[in-house]
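Input: a single structure, listed below in structure tokens.
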Amino acid sequence: MIKLFWNTHNQKKPNSNNNKVREKEELDYGWGQYHKKSSDKWIYEILKKIKYNIIHSKEELEQEDILIIVDSSVEEKNKIYTELSLVCSKIFLFHLGDEFGFHNLSTVYNICDYVWRPFCATKYFNNPKVKCIPIGYKSGVSYKKESESKYKWAFTGTPHKSSRHDLLFQFSNIKPFFSHKTEKFDRKNISVDEMNEVLSVTEFIPCPYGFFHPETYRVFEALECRCIPIVESAYDYYDRVFPDNPFIKINMWKDAKPILEGWDKDQIKKKSEECFSWWIKKKSDLQNSIRDKINL
Amino acid sequence: MNEDVLNKIEDLIKNKKINQAQLEISKLGPEFYKNIEYLYLRSKIFYINKLYYQALDALLIATEFGEHNKIYDLISEIYNILGNENLSKKISNTNSRLQAINSLKKEVTGISQKEES
């Protein structure tokens, strides 16, 4: 039987007396909760073509079960994975988080039959056991019914580092726009409903790099809501991970200004449809490839 | 020892052996992360590769550890390329650069080493 176990939020509660260890425990605990809250819709969507039973603890596993496990901070969980390998005939891991990619994950990855993960890195491009998947959209983000566009562009998030600062500088005269700056990641965000209202009536979404990694939810939220993502082309990240993507790519935010200011309604509609069709196909291809791998 | 390694990388950049310079600098560990010269050379490589935002981030971090004209000059040059001429001018002017950089760093979070620690 195929069973799905969501394990990101089952982190050990921070209890170490060692400050450094406790800090890591607190981070892992917080991120584990965050991934459950933010990524469940996305992960369940890409698993749509698989039949599985959801379990809530590893005690519900039986000998020879095939396990789909959604997890984070796996660098701390060698023991659990070793135990799982004694029971399950196959283990398929969806590894969330790990934006920095600093940890040695080989022990856990070697135990698993296959791993899907966002935040691709060079070491995973040619790894036959690891496939990079989009980080997806945050749970709840969805397109509202078709209506006239209201905003030329929108940005919500932390204006950290120079790219985001320059983006806000360059685009500030291109109106109308929606901007909601937050002081820190995941603090004082706008609600998902408000986000849906905004994205569903916005034409372009500039998608600067994340704090460390190029990939952010923003790109896939834009696609989900039929906006046109404008991404930074540094390191050709998006072209390497999603080779046929139709996103607008720029080196400097000023390169995007003629597009935002100059494209007419037909050009915008055509690009928006191209991006949305690509995203629908991308999701379907991903669902099929996951189904084929797990049902092999 | 640190200086020798950085001099070697600087020579590689001067001789336009950018890939080799990049390879050498990528071998350096955390003991260099607060070294102004290391941050400058990293940003120089980013700049040559037209990775302007990455170059700016490294330069702004470098300003946390000291004041060097070549750091401010490169920041100013990059802002000019990006089309922010006003900020570029303020940073190139020795009388206004400190104030301009400090005010910039207040707006650009994720740079200040104080807030990180």
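For the record, the sequence lines run as chains A and B. Reminder that position 193 of the first sequence reads as 620 in the working numbering, one-by-one numbering, no gaps. Reminder that position 37 of the second sequence reads as 54 in the working numbering, one-by-one numbering, no gaps. Positions of the beta carbon are idealized from the N, C-alpha and C atoms, including for glycine.
Looking only at its chain, what residues have a beta carbon closer than 6 Å to the beta carbon of residue i, apart from the 5 residues adjacent to it on each side?
i                      : result
residue 133 of chain B : In this prediction, residue 133 of chain B has a pLDDT of 43, which is less than 50 and means its spatial position is unreliable; what the coordinates show is noted afterwards. Result list for residue 133 of chain B: empty, nothing under 6 Å.
residue 377 of chain A : For chain A, the structure presents residues 428 to 723; residue 377 of chain A sits outside this window and is missing.
residue 467 of chain A : 566
residue 500 of chain A : 455
residue 652 of chain A : 570, 626, 627
residue 138 of chain B : Limits of chain B in this structure are 18 at one end and 134 at the other, which puts residue 138 of chain B out of reach.
residue 477 of chain A : 718, 721
residue 63 of chain B  : 71, 72
residue 543 of chain A : 521, 558, 560
residue 508 of chain A : 535, 538
By the DSSP assignment, the beta strand (DSSP E) with residue i in it spans what residues?
i                      : result
residue 543 of chain A : 541-544
residue 565 of chain A : Careful: residue 565 of chain A lies outside any beta strand (DSSP E) and carries neither H nor E.
residue 659 of chain A : 655-659
residue 676 of chain A : 675-677
residue 629 of chain A : 629-634
Sorted by chain position, which residues of the same chain lie with C-beta nearer than 7 Å to residue i's C-beta, five sequence neighbours on each side aside?
i                      : result
residue 609 of chain A : 584, 585, 615, 616
residue 668 of chain A : 547, 559
residue 512 of chain A : 518, 538
residue 93 of chain B  : 105, 108, 109
residue 530 of chain A : 502
residue 635 of chain A : 590, 591, 594, 659
Would you tell me roughly how many angstroms separate the C-alpha atoms of residue i and residue j, rounded to the nearest one?
i                      : j                      : result
residue 725 of chain A : residue 538 of chain A : What is shown of chain A runs 428 to 723, which leaves residue 725 of chain A out entirely.
residue 35 of chain B  : residue 49 of chain B  : 19 Å
residue 474 of chain A : residue 721 of chain A : 10 Å
residue 505 of chain A : residue 534 of chain A : 7 Å
residue 105 of chain B : residue 121 of chain B : 11 Å
residue 545 of chain A : residue 53 of chain B  : 33 Å
residue 502 of chain A : residue 434 of chain A : 13 Å
residue 55 of chain B  : residue 115 of chain B : 21 Å
residue 591 of chain A : residue 603 of chain A : 18 Å
residue 58 of chain B  : residue 623 of chain A : 43 Å
residue 470 of chain A : residue 554 of chain A : 22 Å
residue 714 of chain A : residue 647 of chain A : 16 Å
residue 705 of chain A : residue 87 of chain B  : 45 Å
residue 46 of chain B  : residue 577 of chain A : 48 Å
residue 479 of chain A : residue 536 of chain A : 22 Å
residue 551 of chain A : residue 540 of chain A : 15 Å
residue 65 of chain B  : residue 32 of chain B  : 13 Å
residue 128 of chain B : residue 78 of chain B  : 6 Å
residue 582 of chain A : residue 442 of chain A : 38 Å
residue 102 of chain B : residue 587 of chain A : 21 Å
residue 524 of chain A : residue 619 of chain A : 21 Å
residue 589 of chain A : residue 125 of chain B : 6 Å
residue 69 of chain B  : residue 99 of chain B  : 8 Å
residue 641 of chain A : residue 91 of chain B  : 24 Å
residue 89 of chain B  : residue 97 of chain B  : 12 Å
residue 440 of chain A : residue 671 of chain A : 43 Å
residue 436 of chain A : residue 37 of chain B  : 44 Å
Per the DSSP calculation, residue i is bridged to which residue(s)?
i                      : result
residue 583 of chain A : A/607
residue 558 of chain A : A/543
residue 522 of chain A : A/498
residue 98 of chain B  : Its beta-bridge partners do not exist; DSSP assigns none.
residue 35 of chain B  : Bridge partners of residue 35 of chain B: none, in fact.
residue 652 of chain A : According to DSSP, residue 652 of chain A bridges with nothing at all.
residue 517 of chain A : A/493
residue 429 of chain A : A/493
Residue range of the alpha helix (DSSP H) that residue i falls in?
i                      : result
residue 690 of chain A : Here residue 690 of chain A belongs to no alpha helix (DSSP H), and DSSP marks it neither H nor E.
residue 450 of chain A : 446-473
residue 534 of chain A : 533-538
residue 478 of chain A : No alpha helix (DSSP H) holds residue 478 of chain A; DSSP gives it neither H nor E.
residue 115 of chain B : 114-124
residue 435 of chain A : Run containing residue 435 of chain A: none; DSSP gives neither H nor E here.
residue 625 of chain A : 619-626
residue 63 of chain B  : 53-65
residue 549 of chain A : 549-552
residue 79 of chain B  : 69-79
residue 598 of chain A : 588-598
residue 665 of chain A : 664-668
Can you list, in chain order, the residues of its chain whose CB lies under 8 Å from that of residue i, leaving out five sequence neighbours each side?
i                      : result
residue 67 of chain B  : none
residue 430 of chain A : 479, 480, 481, 482, 487, 488, 492, 493, 494, 495
residue 579 of chain A : 601, 602, 603, 604, 629, 630, 631, 687
Please compile the residues from chain E whose C-beta is within a distance smaller than 8 Å of the C-beta of residue i.
i                      : result
residue 124 of chain B : This model lacks chain E altogether, as its protein chains are A and B.
Inset, instruction - Report yes or no: do three or more beta-carbon pairs, one from the region 516-532 of chain A and one from the region 481-495 of chain A, lie closer than 8 Å? - result: Result yes; three or more Cβ-Cβ pairs closer than 8 Å.
Inset, instruction - Determine, using beta-carbon pairs with one atom in the region 594-610 of chain A and one in the region 554-572 of chain A, whether at least three such pairs fall under 8 Å. - result: No: fewer than three Cβ pairs fall under 8 Å.
Legend entry - Stretch pair the region 552-562 of chain A + the region 456-465 of chain A: three plus CB contacts closer than 8 Å: Contact between the region 552-562 of chain A and the region 456-465 of chain A is absent: fewer than 3 CB-CB pairs across the two stretches fall below 8 Å.
Inset, instruction - Inspect the CB distances between the region 25-35 of chain B and the region 480-490 of chain A and report whether three or more fall short of 8 Å. - result: Contact between the region 25-35 of chain B and the region 480-490 of chain A is absent, because fewer than three Cβ pairs lie under 8 Å.
Inset, instruction - Report yes or no: do three or more beta-carbon pairs, one from the region 656-664 of chain A and one from the region 675-687 of chain A, lie closer than 8 Å? - result: Result yes; three or more Cβ-Cβ pairs closer than 8 Å.
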